[in-house]
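Here is the structure we will look at.
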Amino acid sequence: MTTTYVPTVSPTRPWKKTPAQLIPTVVILILALLLDVSVVAVTPMKGKLAYALLFFLFSVGMQFIYAWVKRGRPAAMDSLAGAVTMTGGMIVFLPVLSILVTVLVKGLPGLGLHTFTQTMEKTSYSDPLSSGGLLHAIVGTLYLIVIATAIALPLSILTALYLTEIKGRAAGFIQFLVQAMSGVPSVVAGVFIYAAILLTTNLRGSTFIGALPLAILMIPTVTRTAQEVLLLVPAELREAGLALGATQWRTVATIVVPAARSGLITAVILGVARIAGETAPLLFTLGTTDKVNLNPFTGGQNALPYYIWSGLRDGTEGGVARAWTAILVLLILVLSLFTTARIFGNRKAKR
Amino acid sequence: MSSLVILTLIGLFLSLRGYQAFKSQGFHFITGVDWVAAQDGSGEKNVFGLGAMIIGTLVISATALVVGVPLSVLTALFLTFYAPERFKKFLISVVDLMASFPSILYGLWGFFVLMPMAEYWAKLIHKYLGWIPIFDVPQPAYTRSPFIAGIVLAIMIIPIVTSVSREIFAQTPLDRIQAAYALGATRWAMIKAVVLPFGASGVVGGAMLGLGRALGETVAVYSVLNIVFKVNFQVLYGFGGNIASMIVQKWGEASLSEGKALLAAGFVLFIMTLLVNMGANYIVRRTVKTGR
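Each protein sequence line maps, in turn, to chains A and B. Residue numbers for the first sequence follow the numbering used here, so the first one is 14 and each next one is one higher. Residue numbers for the second sequence follow the numbering used here, so the first one is 1297 and each next one is one higher.
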């Protein structure tokens, strides 16, 4: 028996930097930090901004010079552009972090069981945060979402089906309109419903009327996402359906739509996330109340964004604190919708 | 089908309602810069000129674009070519998440967190660049300026501009990228020679979509900006306005004739955003189709 020697080779990555190659970078960063601190200490420049700016200038500058000396101008430009791009990319993520932290810090103190069980009926902004809650606003937001979805869903799914399945003569034009509609500012949608309904009839603001502008805003989002999803359904499925002798309508209803179901659900969730936080249109159409209003057609209604708006406008400490709590609740709602949509979307992509 | 009906209805109703304001004011409604509402039946004459707010809208949106677009392009490049594979997906979903934040959240955050910082930046800019007319400030009033509103809007449009640019950058043909590398280009040289020429018009389209959003933003601007009906080109000086937030501000105590003028203002805003969005969609679609 001869034993064959099999060397175990771990895959090498020749493009990876060796520790020795990393040393100059580390040295430059440390030098830049030292220079930064000493310059701030000596000159009258002060504050976080000065620290960050000088550190950026020093480290990038020294790496630029080092690369130029070592490997010439193109390498120097490359290191400069890389540093600028990285920094630009990082700066964009700072506000997200700051927003999330701020909302948590300011919103948590007012959060409790009472937030979900009480209304503002007997509480004013000057009362302690432990009394009164958001129940009426949460109920209002849920009502608005349900009604707006009930109006927008059939319209947008049918539009999407028309655009992808029927491809009629007007398809190009309608596609164009859907895109134009997705740019309608929310305040214009609100003003439009006001002008069209509240001014011409003697109806007053209510949940149903508040849901109308939201539906207008929701239609383009749902239509465009649904369209993308429907385009992903393989053409073979449609052809198979038609080959079996089904009419186009039956093919669409029994094959295409079920095949795209989870994607369509994603479309709806994205649409709901789009409208859940809309404030501007509600200012014209909702009326207002401090109680739970279960009737969508008469009497005013409240909603989380509207509640935040009134707290902010009130401007008192209590009002603003309540606004932060409400925005925490709203953010949790939007985030969970967003995550659900993501999970649905990923599952669809995997299959 | 439905979208056709709704869009036409919006245009029709708003123009119908606003027609009276147009009729009584003529071209003054667009070009005039003062807004004096007379009491109904008092016999005084209404003067409605939207000019100051149109200028305010443009000033704020321009600030937002100047701050937001370079950052978005850098972020898009970072996400496409620099970010480590492991974090890429996560970072992309963070950008998408930014797009789904309600605008009132940006307003609140802008007012309570960003304002103190931005005020300091404004003072620095004024100190060192004050000789440029638009950075001049007649009195030391830096709070609630168009500059700060512009930064908030910049943060709001970054996700849109970023995701449009990123999608275009990601479509750069791989063979061209590899050809550039094979010729010995560094990463930056490759981006400059291949990616940027390829994606430039896509970035323009994305920026215009962002502009469309910035023009119509209401709540965030209302919470941050000190809305005064006056022409203000000095971005650091503490007052300004835009059409959308002005509608909300004046709505509460508007008389019947003023309300109609506000509807007409909504119509003007609608036309402005419609034009910008149509242009943007045209550019983006052309880029995606031809890859040029």
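We treat Cβ as the ideally placed atom computed from N, Cα and C, and that holds for glycine.
Contact between residue 279 (chain A) and residue 357 (chain A) holds: their C-beta atoms lie close to 4 Å from each other, under 8 Å.
The alpha carbon of residue 270 (chain A) has as its nearest neighbour, out of A:248, A:283, A:286, A:119, the alpha carbon of A:248. Annotation: the continuous alpha helix (DSSP H) that includes residue 1471 (chain B) extends over 1470-1478. In this structure, the beta-carbon distance from residue 1414 (chain B) to residue 1444 (chain B) falls below 8 Å. For the C-beta of residue 1525 (chain B), not a single chain A residue is nearer than 9 Å; the gap to the nearest is close to 17 Å. Looking at the DSSP output, residue 1331 (chain B) sits in a beta bridge with B:1344. According to the DSSP assignment, residue 1497 (chain B) belongs to the alpha helix (DSSP H) that extends over 1492-1512. A direct Cα-Cα distance of roughly 14 Å separates residue 1475 (chain B) from residue 1484 (chain B). According to the DSSP secondary-structure assignment, residue 232 (chain A) is paired through a beta bridge with no residue.
Per the coordinates, the alpha-carbon of residue 1573 (chain B) lies some 34 Å from the alpha-carbon of residue 1380 (chain B). DSSP places residue 1523 (chain B) within a strand segment (E or B) once states are collapsed to three. Contact between the region 1486-1501 of chain B and the region 1515-1529 of chain B is absent: fewer than 3 CB-CB pairs across the two stretches fall below 8 Å. Closer than 8 Å to the CB of residue 81 (chain A) there is not a single CB belonging to chain B. Straight-line measurement puts the Cα of residue 1580 (chain B) at about 21 Å from the Cα of residue 1472 (chain B).
Restricting attention to alpha helix (DSSP H) runs no shorter than 4 residues, the region 1368-1432 of chain B encloses them at 1381-1396, 1399-1405, 1411-1425, ordered along the chain.
A direct Cα-to-Cα measurement between residue 1377 (chain B) and residue 1468 (chain B) gives close to 11 Å. For residue 115 (chain A), the neighbours in chain B by C-beta distance under 9 Å run, in chain order, 1404, 1405, 1408, 1409.
Under the three-state reduction of DSSP output, residue 1536 (chain B) falls in the strand class. Residue 1398 (chain B) is a Cβ neighbour of residue 318 (chain A), given a cutoff of 8 Å.
Along the region 314-332 of chain A, the positions whose C-beta sits under 7 Å from a C-beta of chain B are 318, 321, 322, 325, read in chain order. At a cut-off of 8 Å between beta-carbon atoms, residue 1559 (chain B) makes contact with chain A.
Using a CB distance below 9 Å, the part of the region 1478-1496 of chain B facing chain A consists of 1480, 1481, 1482, 1483, 1484, 1485, 1487, 1488, ordered along the chain. At a beta-carbon threshold of 7 Å, the residues of chain B lying near residue 87 (chain A) are 1482, 1485, ordered along the chain.
Among the residues facing chain B, residue 94 (chain A) is included, as its CB has a counterpart in that chain under 8 Å away. Shown in chain order are the members of the region 1409-1441 of chain B whose Cβ falls below 9 Å from a Cβ of chain A: 1409, 1410, 1413, 1416, 1417, 1420. Using a C-beta cut-off of 8 Å, the region 1384-1400 of chain B makes contact with the region 311-327 of chain A, since at least three inter-stretch Cβ pairs fall below that distance. Put simply, the CB of residue 1461 (chain B) is far from chain A, with every gap to its CB atoms at 8 Å or more. Residue contact check for residue 1544 (chain B) against chain A: a CB pair falls below 8 Å. The criterion of a C-beta distance shorter than 8 Å is not satisfied by residue 239 (chain A) and residue 190 (chain A).
Only residues of its own chain outside the window of five on either side were considered, and among them 289, 316, 317 have a CB closer than 7 Å to the CB of residue 154 (chain A), listed in chain order. Pairing residue 1442 (chain B) with residue 1365 (chain B) gives a Cβ-Cβ distance that is not under 8 Å. If only complete runs of 4 or more residues are kept, the region 135-216 of chain A shows the alpha helix (DSSP H) at 148-174, 184-194, 199-206, in order along the chain.
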